[in-house]
Amino acid sequence: MLVCTGEWTVLSLGRLEKKLTALRRRGESVGSISIAGIQHLDTAGALVLHRLRSSLSAQGKLPAVISENRDYLNLLEQVAANSGDGIPAAPRRPGPVIDFLNTLGKTIVTHVREGKDLLGFFGHFLVTCANLPRKPRSVRLTALIYHMEQTGLAAVPIVALLSFLIGLVIAYMGAQLLVQFGANIYVVNLVEISILRELGVLMTSIVVAGRSGSSFTAEIGAMQANEEVDAMRSMGLDPMTLLVMPRVAALFIMLPALVFLSDVMAIFGGSVASMSSMDLNFSAFALRFQQTANLNNLFVGMIKAPFFAVIIGVVGCFKGFQATGSADSVGRLTTESVVESIFLVIVLDALFAIFFMQLGV
Amino acid sequence: MAENIISLRGVGNRFGSHVVHTELDLDVRRGEILGLIGGSGAGKSVLLRSILWLRPPDDGEITVLGVPLRAATDAQWKAIRRRWGVLFQDGALYSSLTVSENIQVPLREFASLSPAMMRDIAAMKISLAGLRPGAADLYPSELSGGMRKRAGLARALALDPAILFLDEPTAGLDPLAAEAFDALLLSLRDALGFTVVMITHDLDSIHTVCDRVAVLAEKRIYAVGTIEELLQEDYPWIHEYFTGPRGRAAMKAGETGKKRPEDTLVRG
Chain A
2 MLVCTGEWTV
12 LSLGRLEKKL
22 TALRRRGESV
32 GSISIAGIQH
42 LDTAGALVLH
52 RLRSSLSAQG
62 KLPAVISENR
72 DYLNLLEQVA
82 ANSGDGIPAA
92 PRRPGPVIDF
102 LNTLGKTIVT
112 HVREGKDLLG
122 FFGHFLVTCA
132 NLPRKPRSVR
142 LTALIYHMEQ
152 TGLAAVPIVA
162 LLSFLIGLVI
172 AYMGAQLLVQ
182 FGANIYVVNL
192 VEISILRELG
202 VLMTSIVVAG
212 RSGSSFTAEI
222 GAMQANEEVD
232 AMRSMGLDPM
242 TLLVMPRVAA
252 LFIMLPALVF
262 LSDVMAIFGG
272 SVASMSSMDL
282 NFSAFALRFQ
292 QTANLNNLFV
302 GMIKAPFFAV
312 IIGVVGCFKG
322 FQATGSADSV
332 GRLTTESVVE
342 SIFLVIVLDA
352 LFAIFFMQLG
362 V
Chain B
3 MAENIISLRG
13 VGNRFGSHVV
23 HTELDLDVRR
33 GEILGLIGGS
43 GAGKSVLLRS
53 ILWLRPPDDG
63 EITVLGVPLR
73 AATDAQWKAI
83 RRRWGVLFQD
93 GALYSSLTVS
103 ENIQVPLREF
113 ASLSPAMMRD
123 IAAMKISLAG
133 LRPGAADLYP
143 SELSGGMRKR
153 AGLARALALD
163 PAILFLDEPT
173 AGLDPLAAEA
183 FDALLLSLRD
193 ALGFTVVMIT
203 HDLDSIHTVC
213 DRVAVLAEKR
223 IYAVGTIEEL
233 LQEDYPWIHE
243 YFTGPRGRAA
253 MKAGETGKKR
263 PEDTLVRG
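Protein sequence lines, in the order shown, are assigned to chains A and B.
The working numbering puts the last residue of the first sequence at 362; the count rises by one with no breaks.
The working numbering puts the last residue of the second sequence at 270; the count rises by one with no breaks.
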């Protein structure tokens with residue numbers, strides 16, 4: 002006979018476990034188990050008792066349980082009925098190599114599929130755009146203005162400050178090098194070309210992707226999780242017209258404006274740095290700029306802005322629609338939206354660079 | 003048996019100038035199933051959140067398991083939180099964990115068990131709550147509303163609590179599932195012997211499972227008692243509640259429902 006005493010509750014089982022394993026290893030069988038000495042028994046304790054009873058059975062005969070306490074016997078019965086004997090154990094994890102290949106394959110498949118979906122979404126967006134002139138009333142002016150304020154006006158301080166600092170840094174770094182050649186004055190051209198052609202538009206796009214692209218995903222994702230998007234569809238309202246168009250159009254209009262602001266602020270920053278680091282005063286900087294700056298540089302930078310705006314807007318909205326009910330999906334998608342739109346912006350920027358080089362502008 | 007496991011004295015809650023509760027008294031006896039009813043906006047959920055100390059009451063004292071909550075030490079809090087389980091309205095399962103992992107959260111936190119043992123216990127709770135074993139490795143977003151409630155119940159039962167709080171456990175379930183849930187609750191209560199406080203709008207489940215019903219009205223617990231006792235009260239709302247067309251149907255069903263053998267085992 003096996004005599005069990007003391008606390009058999011979920012909180013005290015940690016201590017019991019080792020003793021029980023040792024007992025099982027002895028492999029003896031007993032005829033009966035007395036649980037009269039148990040002070041507290043809960044479901045976890047009863048489960049352990051049940052397992053113990055099964056493992057100590059002799060020739061398929063369960064040891065009898067001896068107790069005066071009806072409640073404990075009832076509990077034991079309930080637990081035994083639900084102990085799920087024969088529930089499949091946790092699936093065995095494959096080896097690290099298989100695991101790695103598995104993850105790799107899954108990642109590739111997911112990305113390819115997602116790329117296809119994104120392309121489909123973009124096509125849907127273009128079709129909606131193309132239909133717009135036929136249905137001018139479907140333009141949501143209030144929403145458009147609201148998003149222009151949110152994505153454009155509200156971004157002015159951060160874009161202005163960052164661009165000013167970038168211009169400052171470029172002029173500083175350039176000045177250090179150019180002074181060695183006595184070519185101080187070329188700092189103006191360094192700032193002009195780097196900012197106007199590349200950095201102004203790239204910096205602004207990255208800031209806007211972080212600010213507005215992410216908020217598009219979060220807003221639409223929350224609506225999707227809350228079934229608001231489904232409610233819209235069921236009323237015959239097109240989420241593409243109502244949610245996506247105003248956002249992307251707002252970015253399309255505001256991003257070039259922000260890029261222009263960024264260019265101005267960066268060049269101003271450059272001139273401030275030139276003034277303090279090599280006594281190139283403001284009028285000399287402005288004169289040199291006026292004489293040598295190439296208008297093409299400005300155009301090359303500005304023409305990219307609307308393309309980047311569409312990328313950021315479409316990726317942000319697309320990711321929002323991917324949201325499912327769970328709380329962590331919106332957070333994950335927001336991160337993905339920012340990373341992917343910045344990635345695509347830089348890829349497109351590289352393509353533009355090659356294109357303009359071939360054109361010779 | 004008549005010992006009070008929870009008692010509220012002079013509890014008051016207000017949001018700004020809007021008074022939700024004032025001078026509210028309530029006693030919950032050990033081992034009973036107490037239903038908490040009241041019109042929409044009467045402050046049932048606020049009261050539950052007060053007892054759980056998620057929103058401490060503005061006035062008054064709440065005593066749970068003999069400990070006055072306002073003066074409870076950290077150690078006492080830990081002990082109390084280990085001994086109550088809560089089923090929130092939509093289960094409130096952690097969405098990044100599977101059902102089995104959800105149930106293991108309190109086990110991992112409070113008990114020192116081997117992973118295999120925790121998995122075993124979780125599997126038993128899943129079965130007790132009437133879910134099929136295959137549900138263990140599903141994520142909450144893959145479950146139906148009724149399954150989420152059962153999984154939430156399984157998690158609330160993880161540490162064999164002395165008190166179980168249920169917030170509208172049968173809302174949103176189809177009648178058969180609600181009935182099964184009620185039967186499940188009764189059989190678990192008989193087997194495990196816990197006390198239940200449940201907010202509910204479901205007249206059938208009030209009749210089938212509740213030992214006593216507390217009516218929240220006029221910013222306090224207007225009356226507590228069995229349905230027969232409540233009907234003695236001279237308060238129109240109570241009469242409309244229990245003797246309206248839905249109430250009468252439930253009462254009829256309840257009379258037969260009560261005679262159900264108590265050790266029926268229900269599988270989902």
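Glycine residues also receive a C-beta, built at the ideal position from the N, C-alpha and C atoms.
Since we're looking at a predicted model, the values are computed, not measured.
The beta carbon of residue 113(B) is closer than 7 Å to none in its chain, skipping five residues each way along the sequence. If one requires a minimum length of 4 residues, the alpha helix (DSSP H) runs lying completely within the segment 254-331 of chain A are 283-293, 296-322, in chain order.
Interface annotation, residue 112(B): in contact with chain A, CB-CB separation under 8 Å. A residue is called buried when at least 16 other Cβ atoms come within 10 angstroms of its Cβ; residue 120(B) meets this threshold and is buried. Residues 104 of the same chain have their beta carbon placed closer than 6 Å to that of residue 96(B), with the five preceding and five following residues left out of the count.
The C-alpha of residue 141(B) is placed about 39 Å away from the C-alpha of residue 149(A). Closest by C-alpha distance to residue 169(A), out of 153(A), 223(A), 188(A), is 188(A). Membership of residue 196(A) in any alpha helix (DSSP H) is not indicated, and neither H nor E is assigned to it by DSSP. Chain order gives no chain A residues near residue 169(B), where near means a beta carbon separation below 9 Å; the closest approach is about 19 Å. Around residue 92(B), no beta-carbon contact reaches into chain A at under 9 Å, the shortest distance being about 10 Å. Looking from the CA of residue 311(A), the closest CA among 81(A), 252(A), 290(A) belongs to 252(A).
Taking the beta carbon of residue 193(B) as reference, the chain A residues within 7 Å of it are 75, 76, 79, listed in sequence order. When the alpha-carbon of residue 215(B) is set against those of 18(B), 98(B), 35(B), 252(B), the nearest one is in 35(B). Residues of the segment 114-125 of chain B whose Cβ lies closer than 7 Å to any Cβ of chain A, in chain order: 114, 115, 116, 119, 121, 122, 123, 125. Between the beta-carbon of residue 86(B) and that of residue 165(B) there is about 4 Å, and that keeps the pair under the 8 Å contact cut.
Against chain A, the CB of residue 161(B) has a partner CB under 8 Å away; the residue lies at that interface. Within the same chain, 121, 124, 125, 128, 138, 139 come within 8 Å of residue 102(B) by CB-CB distance, once the 5 residues on both sides are set aside.
Residue 206(A) is positioned such that its CB atom lies no closer than 8 Å to that of residue 355(A).
Judged by DSSP in its simplified three-state form, residue 362(A) adopts coil rather than helix or strand. Taking residue 295(A) as the centre and dropping the five residues before and after it, the same chain places no C-beta closer than 6 Å to its C-beta.
Using a C-beta cut-off of 8 Å, the segment 167-179 of chain B makes contact with the segment 46-62 of chain B, since at least three inter-stretch Cβ pairs fall below that distance.
For the pair of segments examined, the segment 8-15 of chain B was found to touch the segment 57-66 of chain B: the number of CB pairs separated by less than 8 Å reaches three. At the C-beta level, residue 161(A) and residue 299(A) stay beyond 8 Å of one another. Neighbourhood of residue 146(B) in chain A, by CB distance below 8 Å: empty, with the nearest CB roughly 12 Å away. For residue 128(A), the enclosing alpha helix (DSSP H) has its first and last residue at 97-132. In this structure, the straight-line span from the alpha carbon of residue 174(A) to that of residue 342(A) is close to 29 Å.
When secondary structure is reduced to three states using DSSP, residue 62(A) falls in the strand class. Taking a C-beta distance under 8 Å as the contact criterion, residue 317(A) and residue 338(A) qualify as a contact pair.
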